[in-house]
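Working notes for the structure below.
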Amino acid sequence: MSGLKLFHTTNGGVTEVAPRLAEVEADVQGLVEAHMETMLGVRLLASEYVIDCADGGRIDSLGLDENGAPVVVEFKRGTAAGVVNQGLYYMAWLMAHRDAFRHLVRDRLGVSAASQVLWSAPRLICVAGDFTRYDAHAVREHRRSIDLVRYRFFGRDLIGLETVASVTGRTPTVRRPRRGAAGLPPVRAQGGALTKLAEAVDEVLLGLGDGVSRVQRKQYRAYQRLRNFACVCPPQKTKLLVYLKADPKEVDLIPGFTRDVTEVGHHGTGDLEVQLRSERDVERAVDLFRASWAAA
Numbered sequence: 001m002s003g004l005k006l007f008h009t010t011n012g013g014v015t016e017v018a019p020r021l022a023e024v025e026a027d028v029q030g031l032v033e034a035h036m037e038t039m040l041g042v043r044l045l046a047s048e049y050v051i052d053c054a055d056g057g058r059i060d061s062l063g064l065d066e067n068g069a070p071v072v073v074e075f076k077r078g079t080a081a082g083v084v085n086q087g088l089y090y091m092a093w094l095m096a097h098r099d100a101f102r103h104l105v106r107d108r109l110g111v112s113a114a115s116q117v118l119w120s121a122p123r124l125i126c127v128a129g130d131f132t133r134y135d136a137h138a139v140r141e142h143r144r145s146i147d148l149v150r151y152r153f154f155g156r157d158l159i160g161l162e163t164v165a166s167v168t169g170r171t172p173t174v175r176r177p178r179r180g181a182a183g184l185p186p187v188r189a190q191g192g193a194l195t196k197l198a199e200a201v202d203e204v205l206l207g208l209g210d211g212v213s214r215v216q217r218k219q220y221r222a223y224q225r226l227r228n229f230a231c232v233c234p235p236q237k238t239k240l241l242v243y244l245k246a247d248p249k250e251v252d253l254i255p256g257f258t259r260d261v262t263e264v265g266h267h268g269t270g271d272l273e274v275q276l277r278s279e280r281d282v283e284r285a286v287d288l289f290r291a292s293w294a295a296a
């Protein structure tokens, strides 16, 4: 289970500290949708999306995550049985109606985004007041990427999100990967040393804690905990580039090791670039990896 993350939603002061549930489901849905990219790393495409099927239905939120994967988000005010199955029903509809989703992405984000939807990694995020042990067990039995997220309100301007369970598509979240499982394109330079370096980075990032998953795109591999916290690009001739969700202004930048890329275009997400040339560099970067993971 990941730690509780608090998000400020207004500029007002906190009038109470006791955690509470929303008065109605629409309250938590509206608040999360208004800040969805910050809270979940998901760009909102549609709210209360009506699907065309025999039984009818309405998806609470449809979005696209940082890696271009389609996301279904379902909300429940309290503990509600069936939220996982309901979400999986909507995911099945989504995967069977890809053209409808592409048209939605094209209308909201443009043709380029619609052509790059990552259909290999669709996600379901369930946000609720709480979940039963049966919900947590159920997600581990499915072959879809599912996150169960518990929320709480604190006063007027704080909402807390806590990951209760998280699984990736096809197999459960990996904690201790085998060496050689990084899957990044091999390079011939330095006798394959950078390939081994990529494997070492993969092992470190996946081993940071529970709930870490990885998503492979052609240009990079993303490591996420609801949101991306690290992106690793394929090895270059002499170095491996890692991009972290860390504020470069809060890091003592070291030429040749760390760089502020806030205004520099690059693959993946994150404003702090870390350049790795040896396993010693990986050791130096572990604290930065950990800080980015914790922030996510």
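Residue 237 in the UniProt record's numbering is what sits at position 237 of the sequence shown, and the numbering runs on without skipping anything.
Glycine is no exception: its CB is placed at the ideal position from the N, C-alpha and C atoms.
Kindly confirm or deny that the stretch 33-42 and the stretch 76-89 touch, where touching means at least three C-beta pairs closer than 8 angstroms. no
How big is the Cα-Cα spacing for L6 and L40? 12 angstroms
Assigned secondary structure, G63 (DSSP; H/G/I helix, E/B strand, else coil): strand
Our contact map puts V127 next to Y151 with C-beta atoms below 8 angstroms; I'd like the distance itself, whole angstroms only. 6 angstroms
Distance check for H267 and L194, CA to CA, integer angstroms please. 19 angstroms
Taking only the alpha-carbon atoms, compute the straight-line gap between E279 and L240 and give it to the nearest angstrom. The straight-line gap from Cα to Cα measures roughly 11 angstroms.
Best match in V139, F153, K245 for proximity to T269 [C-alpha to C-alpha]: K245
Can you give the Cα-Cα distance for S213 and Q29, rounded to whole angstroms? Those two C-alpha atoms are separated by around 25 angstroms.
If A121 and A69 are in contact, beta carbons under 8 angstroms, what's the gap, nearest whole angstrom? 4 angstroms
Between V204 and V282, how many whole angstroms is the CB-CB distance? I'm expecting something under 8 angstroms. About 6 angstroms; that satisfies the 8 angstroms criterion.
Checking the sheet assignment: what are the DSSP bridge partners for Q275? According to the DSSP secondary-structure assignment, Q275 is paired through a beta bridge with L241.
For F289 and A230, I'd like the C-alpha separation in whole angstroms. 7 angstroms
6 angstroms CB neighbourhood of A285 in its chain, flanking five on each side removed: Exclusion of the five residues before and after A285 leaves V274 as the residues of its chain whose Cβ lies within less than 6 angstroms of its Cβ.
Label R133 either buried or exposed according to how many other C-beta atoms from any shown protein chain fall within 10 Å of its C-beta, with 16 as the threshold for buried. Per the 10 Å Cβ criterion, exposed.
How many Å lie between R175 and D287 at the Cα? Because R175 sits at a pLDDT of 42, beneath the cut-off of 50, its placement in the model cannot be relied upon, and the following sentence gives the value as read from the coordinates. In a straight line, the C-alpha of R175 is about 18 angstroms away from that of D287.
Spatial distance of R77 from K237 (CA atoms): Going by the C-alpha atoms only, they are around 52 angstroms apart.
Quick check on the burial criterion: 16 or more other C-beta atoms within 10 angstroms. Buried or exposed for I159? buried
Do V83 and G63 have their C-beta atoms within less than 7 angstroms of each other? no
Enumerated in chain order, which unbroken segments of the alpha helix (DSSP H) with a length of 4 residues or greater are wholly contained in the stretch 53-138? 83-96, 98-109, 111-115
Run of the alpha helix (DSSP H) containing V201, from where it starts to where it stops: 193-206
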